[in-house]
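Novice: Could you have a look at this structure, given as structure tokens, before my questions?
Protein chains: 2
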Amino acid sequence: MKKYQLMAPGPTPVPSEALLAMAQPMIHHRTPQYEALFAEVRAGLKKLFQTQAEVLPLACTGTGAMEAAVINTLSAGDTVALVRAGKFGDRWLEICKAYGVKVIELTAPFGHTVPAARVAEALAANPHLAAVLTQHSESSTGVLHDVRGYAQATRESAAILIVDAVSSLGIADLPMDAWGVDVVVSGSQKGLMLPPGLGFCALGEKAWAKQKTSTLPKYYFNLAEERKCVVKNEAHFTPAVSIVVGLREVLRMLEQEGIANVFKRHDRLARATRAGVEALGLALFCKATPSPALTAVVAPKGVDGEQVVAAYSQTHNITIAGGQGEMKGKVFRLGHMGYAAEFDVIVALAALEQVLADLGQPVDFGAGVRAAQKIFAEKP
Amino acid sequence: MKKYQLMAPGPTPVPSEALLAMAQPMIHHRTPQYEALFAEVRAGLKKLFQTQAEVLPLACTGTGAMEAAVINTLSAGDTVALVRAGKFGDRWLEICKAYGVKVIELTAPFGHTVPAARVAEALAANPHLAAVLTQHSESSTGVLHDVRGYAQATRESAAILIVDAVSSLGIADLPMDAWGVDVVVSGSQKGLMLPPGLGFCALGEKAWAKQKTSTLPKYYFNLAEERKCVVKNEAHFTPAVSIVVGLREVLRMLEQEGIANVFKRHDRLARATRAGVEALGLALFCKATPSPALTAVVAPKGVDGEQVVAAYSQTHNITIAGGQGEMKGKVFRLGHMGYAAEFDVIVALAALEQVLADLGQPVDFGAGVRAAQKIFAEKP
């Protein structure tokens, strides 16, 4: 018996409470039942996004929600600044290109970040900028970008800040209103511990003002129409009912744990993972503030990152992730977000020790686990 | 105890086999496991769509798939002909308007259809038409449009035929390749008996040729990129994994029943429902070929259709649907599609007899059920 373990940076495991809630008989979405369900979910999402704005759930995955953010606030010919330092930064670029939005790229090598000062400079040099786009947690490199700093810079400008929080919502603190983030985008399959299939967009007042003049075409992702329904606890089109049912369960779980504790848990899991990986003589790919969602690890010399992924899977029945795009083969990535707890990290590191040995690498068995244990032994 | 029954024209009940399959631990979508799952689903979808073309699943609901069909085959300034005789016909119009596609409307009063000859005339009078858009089953009126006839007309022209089969796939026969339908769009929550959250687009060669010149902007719904992944048994972006797992189950169930038997079952359920409704002295809203997916019933004189819906729900814990848009209050709609069988129709009609009595209408108790029983007693 090799128990299956999902330890990739999303989708993450779904707690049984949510799986069983979603396995209940289907309900209809134009009923008092659904309205009551949605009212609870709506209130919970506002808390989780730390905003007074409406959080709009969409039947799509994170990329759909990213596109919705762009097409509802921008117009063809607009120019935006993009924090581009990973594969999901590339995705913002591709979306903008598809819609004729011009992009000033603020790039950093993968594994690094773009300091807030560069965003401020770009805004100063280009007062016509319509928006700044960024990831919060860049899942391809394991870097956490300085959204708080970017928000300080954009708040004083005419531009809005659009943040992809797909792998940071419910993982790293992102107080939307307090920091002055204008658009937060997320998805269901990371910190929310649900199956993929639900995306989210939350727009602050500055973003809604830009929505009024946005000329990019949209229909399914028309957020103004969606909001009209959401305030009545309805959905514009048929919603992804079963995942919304699961959402109520996980929002209750997060509420019970307390959102501050949720962030602390992720921080501990991430620190323990990094300590364990380094104790095994491996290097972290991230050269900036690391994301608490996942850890990208440089593949050992002479080993392809894909071999590590394959060994985890074939020998230990554990799914982790390899590198994406130009990082393929160079890194492997361990997820520790969502439905993840301390002993999951212990398992991931114990498996890593075995994997390294399987691949003919020198291993001090127990060293990775020991380093993590020391972190977990710290008083919270 | 009042057992909950979902008898609306979608979402439909989900069989326990699918609910429990979807309640299994989450798997990752970039793994051999998912590829094997998807390979089976992909083959099953082609059979169900009766096509050699790839059926592209998208993480969205039916409206998203409708939009995908338009934006991948048309360009701004194109002119299309639209069969418009219900609320979902209106939806095609709204999507076209959002993208600057001009529409020649071929309208019929709600409850009626547009004969194929009118489509042929429109094509002859407007040789520059890029497409003909229609529903197969118009869920708002309970009418089945003559897709076969429309296909005969478009096949000889430069236009493509785009069919919304959201409430007809796996319900009414729609042999895409044999009839020469160029684009078939569907969703997961009707004939496929799944939760909403998965949309489908299948494009034939004539539609792919138009895709090459289509200039409407798209990213999340870029079907050419999606197809590149689908042929490798992958998804372009994160797929709605749990619903795809459920899809494998329902495709197996449909295969076991045999698609011809699935169509026969829906035809019997629909005929029995109509017979029962008429035996109770009520009038069918459909004045054309009725859809086997649902039956729209004219509300009795002096009764608002919404009262019927409320009585079903409050007294009998059964969800049916009211009228949409201009039909609100005038009709109520009974679904008999997807995971629906003979005794579900008996229950729906028995409840209708009770509801009519509750609303002070004269009722010959048993008359509705008797009429349905006679249909079910016919040799298949």
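Each protein sequence line maps, in turn, to chains V and B.
By this note's numbering, the letter at position 247 of the first sequence is numbered 249, and the numbering carries on one by one without gaps.
By this note's numbering, the letter at position 151 of the second sequence is numbered 153, and the numbering carries on one by one without gaps.
Just so you know, even glycine gets a beta-carbon here, dropped at the ideal spot from N, CA and C.
As the structure is a prediction and not an experimental result, all values here were calculated from the model.
#1: If contact means a Cβ-Cβ distance below 7 Å, which residues of the segment 214–229 of chain B contact chain V?
#2: Is the distance from the Cβ of T53 of chain V to the Cβ of L200 of chain V below 9 Å?
#3: To which residues of the same chain is V232 of chain V closer than 6 Å at the C-beta, ignoring the five residues directly before and after it?
#4: To the nearest angstrom, how far is it from the Cα of A100 of chain B to the Cα of A70 of chain V?
#5: Quick check on this structure: which residue in V:A298, V:T65, V:A155 has the alpha carbon closest to the alpha carbon of I322 of chain V?
#6: At a Cβ threshold of 9 Å, is R86 of chain V touching chain B?
#7: On the criterion of 16 or more Cβ atoms from any shown chain inside 10 Å, does F51 of chain V qualify as buried, or is it exposed?
#8: According to DSSP, what are the bridge partners of E227 of chain V?
#9: Just confirm the distance between the C-beta atoms of V149 of chain B and V183 of chain B, as a whole number of angstroms; I'd bet it's less than 8 Å.
#10: Could one say the Cβ of M3 of chain B lies closer than 9 Å to chain V's Cβ atoms, at least one of them?
#11: Within 10 Å of its beta-carbon, does D80 of chain B have 16 or more other beta-carbons around it, so buried, or fewer, so exposed?
#12: Looking at K289 of chain V: is its Cβ nearer than 9 Å to the Cβ of G113 of chain V?
#13: Which first and last residues belong to the beta strand (DSSP E) in which G151 of chain B is found?
#14: Between which two residues does the alpha helix (DSSP H) carrying L354 of chain V extend?
#15: Roughly how many angstroms separate the alpha carbons of R335 of chain B and Y152 of chain V, rounded to a whole number?
#16: Hey, would you say L135 of chain B sits closer than 9 Å to V85 of chain B, going by beta carbons?
#17: Kindly list the residues whose CB is nearer than 6 Å to the CB of A110 of chain V, restricted to its own chain and excluding five residues on each side of it in sequence; keep chain order.
#18: Locate the alpha helix (DSSP H) running through F367 of chain V, then write down its first and last residues.
#19: In terms of DSSP beta bridges, what is T109 of chain B paired with?
#20: Name the chain V residues whose beta carbon is nearer than 8 Å to that of I439 of chain B?
#21: Ignore the nearest five residues each way along the sequence and tell me which others in A242 of chain B's own chain have a CB closer than 7 Å to its CB.
#22: Looking only at C-alpha atoms, which of B:K332, B:I377, B:N319 sits nearest to Q356 of chain B?
#23: Does any CB atom of chain V fall closer than 9 Å to the CB of Y152 of chain B?
#24: When the Cα atoms are used, what is the spatial distance from K214 of chain B to A277 of chain V?
#25: Less than 9 Å separating the beta-carbons of I377 of chain B and F265 of chain B?
#26: Looking at G362 of chain B: is its Cβ nearer than 9 Å to the Cβ of V279 of chain B?
#27: Is P15 of chain V close to chain B? Criterion is C-beta to C-beta, closer than 9 Å.
#28: Are the CB atoms of G12 of chain B and G189 of chain B within a distance shorter than 9 Å?
#29: Just curious, the beta strand (DSSP E) that A133 of chain B is in, first and last residue?
#30: Establish whether the CB of Q54 of chain B and some CB of chain V are separated by less than 9 Å.
#31: If the cut is a Cβ gap below 8 Å, which residues of chain B does P69 of chain V touch?
#32: So is P241 of chain B in contact with chain V if we call contact Cβ pairs under 9 Å?
#33: Decide if P15 of chain B is buried, meaning its Cβ has at least 16 other Cβ atoms within 10 Å, or exposed.
#34: Between the Cα of K192 of chain V and the Cα atoms of V:M28, V:R229, V:I348, V:G337, which residue gives the shortest distance?
#35: Can you round the beta-carbon distance between V247 of chain V and A23 of chain V to whole angstroms, since I take them to be within the 8 Å contact cut?
#36: Going along chain V, which residues have a C-beta under 7 Å from L22 of chain B?
Specialist: Reading off the structure:
#1: The residues in question are P219, K220, Y221, Y222.
#2: No. Outside cutoff.
#3: These residues qualify, in order along the chain: E56, L58.
#4: Computed Cα separation, rounded: 14 Å.
#5: With distances taken between Cα atoms, I322 of chain V lies closest to V:A298.
#6: Not closer than 9 Å to any Cβ of chain B, the Cβ of R86 of chain V fails to qualify, so no.
#7: The residue is buried, with at least 16 neighbouring Cβ atoms inside 10 Å.
#8: Per DSSP, none; premise fails for E227 of chain V.
#9: Yes, V149 of chain B and V183 of chain B are in contact; Cβ-Cβ is about 6 Å, under 8 Å.
#10: No, no contact with chain V.
#11: When all chains shown are included, D80 of chain B counts as buried.
#12: With respect to the 9 Å criterion, K289 of chain V and G113 of chain V are classified as neighbours on the basis of their beta carbons.
#13: For G151 of chain B, no beta strand (DSSP E) segment is defined; the enclosing uninterrupted segment is the alpha helix (DSSP H) at 149–157.
#14: Per DSSP, the unbroken alpha helix (DSSP H) holding L354 of chain V starts and ends at 344–360.
#15: If you take the alpha carbons of R335 of chain B and Y152 of chain V, they lie about 52 Å apart.
#16: Their beta carbons are under 9 Å apart, which means L135 of chain B touches V85 of chain B by this criterion.
#17: Its chain contains A87, V116 as the residues whose beta carbon lies nearer than 6 Å to that of A110 of chain V, once the 5 sequence neighbours on both sides are disregarded; these appear in chain order.
#18: Careful: F367 of chain V lies outside any alpha helix (DSSP H) and carries neither H nor E.
#19: Bridge partners of T109 of chain B: B:R86.
#20: Residue numbering for chain B in the displayed model covers 3 to 382; residue 439 of chain B lies beyond these limits and cannot be assessed.
#21: The beta carbon of A242 of chain B sits closer than 7 Å to the beta carbons of A61, G199, L200 from its chain, once the five residues preceding and following it are set aside; these are given in chain order.
#22: Of B:K332, B:I377, B:N319, the residue nearest in Cα terms is B:N319.
#23: Judged by the 9 Å Cβ criterion, Y152 of chain B is not in contact with chain V.
#24: Roughly 51 Å separates the two Cα atoms.
#25: Going by C-beta atoms, I377 of chain B is not nearer than 9 Å to F265 of chain B.
#26: Not a contact, by the Cβ cut-off of 9 Å.
#27: At least one chain B Cβ lies under 9 Å of P15 of chain V.
#28: It is a contact, given that the beta carbons lie within the stated cut-off.
#29: First-last of the beta strand (DSSP E) with A133 of chain B: 133–137.
#30: Taking Cβ atoms only, chain V never reaches closer than 9 Å to Q54 of chain B, which makes this a no.
#31: Per the sequence shown, the amino acid found at residue 69 of chain V is Glu instead of Pro. Within chain B, the residues near E69 of chain V are Y221, Y222.
#32: Yes, its Cβ sits closer than 9 Å to a Cβ of chain V.
#33: Answer is buried; the Cβ neighbour count reaches 16.
#34: K192 of chain V has its Cα closest to that of V:G337, out of V:M28, V:R229, V:I348, V:G337.
#35: The Cβ separation is near 5 Å, so the contact holds.
#36: By Cβ distance, chain V contributes A25.
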